[in-house]
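To keep things clear, I will list the structure first and then write my remarks on it.
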Amino acid sequence: MHPARILTKAGLPFVPAALLLLPVLAPAPGETQEPGEFERQRRTMVRDQIVATGIEDTATIRAMSVVPRHEFVPARYRGEAYADHPVPIGYGQTISQPYIVAFMTEVLRPRAGMKVLEVGTGSGYQAAVLAEIGLEVYTIEIFRALADAARDRLRRLRYGSAEVRHGDGFFGWPEEAPFDAIIVTAAAGFIPPPLLEQLKPGGRLVIPVGSVYGVQNLVLVDKGEDGKPRTRTLLPVRFVPLLRGLR
Ligand code: SAH
């Protein structure tokens, strides 16, 4: 019989003292866990959430197998870093679910040497995945505190080649345009025209479009070599809103 099923005279479950000690002996999430434990969780994440769900791009799969996602979440959420959901990163923002990061990365058809603009740096995780593949990354974040933290983190983890700017990504990064790819990781009511302008002919832009609390769809814009954009809806998603006005 399972120990917890044994009832004491008082009718309370009998729990052996050794079991009561377990929470004390177990490491606090994130703080004292072995690096090997995160590696194991990352392998499981890639197998169950990335490969099993149909992501096929080998560069994307490899990058997600390497980037230490637990370094991009606040210490108290480290235990959830590899779980199949978004995780809070402060200021009401979140690091996207692993599958969504992989899906958006794959959709860009990432290749080493491509120049990519990200709007919505957040934790810097998506930027690190793109940098790991070998892309030249420019990323913009509207919260100064998040931008500064992401810049430090990316440097510490040797993804310092990714350039982080504090600014409103609605306007893109004109000094570095045009880009081979643009990825927006916050939901907009419409595609910001400056981003379309800053996309190279033949380039791809992926962005969640829709209302803040209602339906949003991940939209892919393929800019033809003739400069004409072709738009496709890929899948329903739920993102934090694209904000306006620096914070
Ligand atoms: N890509 C991030 C997660 C994005 S969450 C990661 O990998 O962790 C969306 C982010 O977009 C938030 O950090 C939010 O502050 C930022 N954001 C919202 N509106 C923005 C804007 N207009 N310009 C730049 N960043 C913006």
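Numbering of the sequence shown is given in this note's numbering, commencing with residue 896 and proceeding in unit increments.
Glycine included, every Cβ here is placed at the ideal spot set by N, Cα and C.
| said: Within 10 Å of its beta-carbon, does G1017 have 16 or more other beta-carbons around it, so buried, or fewer, so exposed? | reply: Taking the sequence shown and counting its residues from 1, the one referred to as residue 1017 is at position 122. It counts as buried.
| Coil, strand or helix - L1025 by DSSP | Within the sequence shown, numbered from 1, the residue matching residue 1025 stands at position 130. The answer is helix: DSSP assigns L1025 an H, G or I state.
| message | Per the DSSP calculation, A1042 is bridged to which residue(s)? | response | The sequence position of residue 1042 within the sequence shown is 147, counting from 1. Per DSSP, none; premise fails for A1042.
| query | When you compare only the Cα positions, how much space is there between H980 and F1134? | reply | Residue 980 sits at position 85 when you count from the first residue of the sequence shown. Residue 1134 sits at position 239 when you count from the first residue of the sequence shown. Roughly 12 Å between the two C-alpha positions.
| Beta-carbon contacts of L1041 that lie in its chain and below 8 Å, excluding the five residues immediately before and after | Numbered from 1 along the sequence shown, position 146 holds the residue referred to as residue 1041. Correct list, in chain order: I984, G985, Y986, Q988, T1016, G1017, S1018.
| query | R1139 to V1104, Cα distance in whole Å? | reply | Residue 1139 sits at position 244 when you count from the first residue of the sequence shown. Residue 1104 sits at position 209 when you count from the first residue of the sequence shown. R1139 and V1104: Cα-Cα distance of roughly 15 Å.
| task | Could you work out which residue in Q1021, G1029, P969, E966 is closest to S991 when comparing CA atoms only? | result | As a working mapping, residue 991 is identified with position 96 in the sequence shown. Of Q1021, G1029, P969, E966, the residue nearest in Cα terms is Q1021.
| task | Confirm the yes/no value for this check: CB of D1047, any heavy atom of the ligand SAH, distance under 7 Å. | result | The sequence position of residue 1047 within the sequence shown is 152, counting from 1. False, no ligand heavy atom lies under 7 Å from that Cβ.
| Among the residues of its own chain, which have a CB less than 7 Å from the CB of F1074, if the five just before and after it don't count? | Along the sequence shown, one-based indexing puts residue 1074 at 179. Counting only residues of its own chain and dropping the five nearest sequence neighbours on each side, F1074 has a CB closer than 7 Å to the CB of K1010, V1011, L1012, Q1093, L1094, K1095, G1098.
| message | What would DSSP say about H965, mapped onto helix, strand or coil? | response | Start at 1 with the first residue of the sequence shown, and residue 965 comes out as number 70. Helix, per DSSP.
| Endpoints, beta strand (DSSP E) assigned at A1076 | Mapped onto the sequence shown, residue 1076 falls at position 181. Segment 1074-1079, the beta strand (DSSP E) holding A1076.
| Own chain, CB closer than 6 Å to V1079, minus 5 neighbours either side, in chain order | The count along the sequence shown starts at 1 and reaches residue 1079 at position 184. Around V1079: V1014, I1102.
| request: Report yes if the C-beta distance between V1059 and E1036 is below 8 Å; otherwise report no. | output: For the purposes of this step, residue 1059 is identified with residue 164 of the sequence shown, where counting begins at 1. For the purposes of this step, residue 1036 is identified with residue 141 of the sequence shown, where counting begins at 1. Less than 8 Å separates the beta-carbon of V1059 from that of E1036.
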